[in-house]
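Our numbering applies: residue 1 is where the sequence shown begins, and numbers increase by one. The C-beta atom is built at its ideal place from N, Cα and C for all residues, glycine as well. Working notes, beginning with the structure itself.
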Amino acid sequence: MATNTPYPNAYQIEEIFANRDVPNIFHKHLADPLDVVVVGQDFHIGGHYKSMEEFHEGIYARVAASLKVETIRVEVLRVIGGGHSAWAAVESLCTATSKYDKPYHLEFVDLVRFNSEGKIAQIKEFLDSGHIHSHVEEHESKQREGK
1 MATNTPYPNA YQIEEIFANR DVPNIFHKHL ADPLDVVVVG QDFHIGGHYK
51 SMEEFHEGIY ARVAASLKVE TIRVEVLRVI GGGHSAWAAV ESLCTATSKY
101 DKPYHLEFVD LVRFNSEGKI AQIKEFLDSG HIHSHVEEHE SKQREGK
């Protein structure tokens, strides 16, 4: 956390989110309890998650299970806010290859609120819910079929 601002600044937030695909690093920046809302009513990953565990199991673990982990790349495109504001918007791009050799390309924006300790206490995710739904559904369906 910056010494002259009460919350992480844009550069620090960019570093935090650049490690989003590495749970043991990213999760160190999450408050517990964590409040996460994933926008989207047309897919099973959308919803309100009230803890780090729910968030990890409900979203990250399911998406990551369908991807070749070594191909996952997260690029932070833009950070707006932070520093003197507890709120920031983080625009990111995630690319990877699925376990079935299909390209995975996801653009998303996280609206985040930091607590007084500089940890992320709230996240509201805006993402391509249809893309994630079809991608995860295909993987989980093939898993059930034993493929």
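Problem set entry | Residues near phenylalanine 55 in its chain [Cβ-Cβ closer than 7 Å; skip 5 each side] | Mapped onto the sequence shown, residue 55 falls at position 55. Same-chain partners within the cutoff: Leu34, Val36, Tyr49.
Exercise. By Cβ distance below 6 Å, which residues in the same chain neighbour lysine 124 in space, the five residues on each side in sequence not counted?
Worked result: As a working mapping, residue 124 is identified with position 124 in the sequence shown. Contacts found: Val37, Leu111.
For this session: Tell me whether threonine 71 sits in a helix, a strand or coil according to DSSP, three-state version.
Result: Translated into positions along the sequence shown, residue 71 becomes position 71. Threonine 71 falls in the helix class under three-state DSSP.
Problem set entry | Simplified DSSP assignment, three categories, for glycine 118 | If you number the sequence shown from 1, residue 118 lands on position 118. In this structure, glycine 118 counts as coil in the three-state DSSP scheme.
For this session: Measure the Cβ-Cβ separation of arginine 74 and valine 90 and say whether it is below 8 Å.
Result: For the purposes of this step, residue 74 is identified with residue 74 of the sequence shown, where counting begins at 1. For the purposes of this step, residue 90 is identified with residue 90 of the sequence shown, where counting begins at 1. Before going further, note that residue 74 is valine rather than arginine in the sequence given. The answer is no: Cβ separation not under 8 Å.
For this session: From the DSSP output, in three-state form, read off serine 129 for me.
Result: On the sequence shown, position 129 is the one that residue 129 refers to. Secondary structure at serine 129: helix, using DSSP grouped into helix, strand and coil.
For this session: With alanine 23 as the anchor, note down where its beta strand (DSSP E) starts and where it stops.
Result: As a working mapping, residue 23 is identified with position 23 in the sequence shown. This sequence places proline at residue 23; alanine is not what is there. Proline 23 -> not in any beta strand (DSSP E); alpha helix (DSSP H) instead, spanning 23-26.
Exercise. Between histidine 27 and the rest of its own chain, which residues show a CB-CB distance below 7 Å, the 5 nearest in sequence each way excluded?
Worked result: Position 27 of the sequence shown, counted from the first residue, corresponds to residue 27. Only residues of its own chain outside the window of five on either side were considered, and among them Met52 have a CB closer than 7 Å to the CB of histidine 27, listed in chain order.
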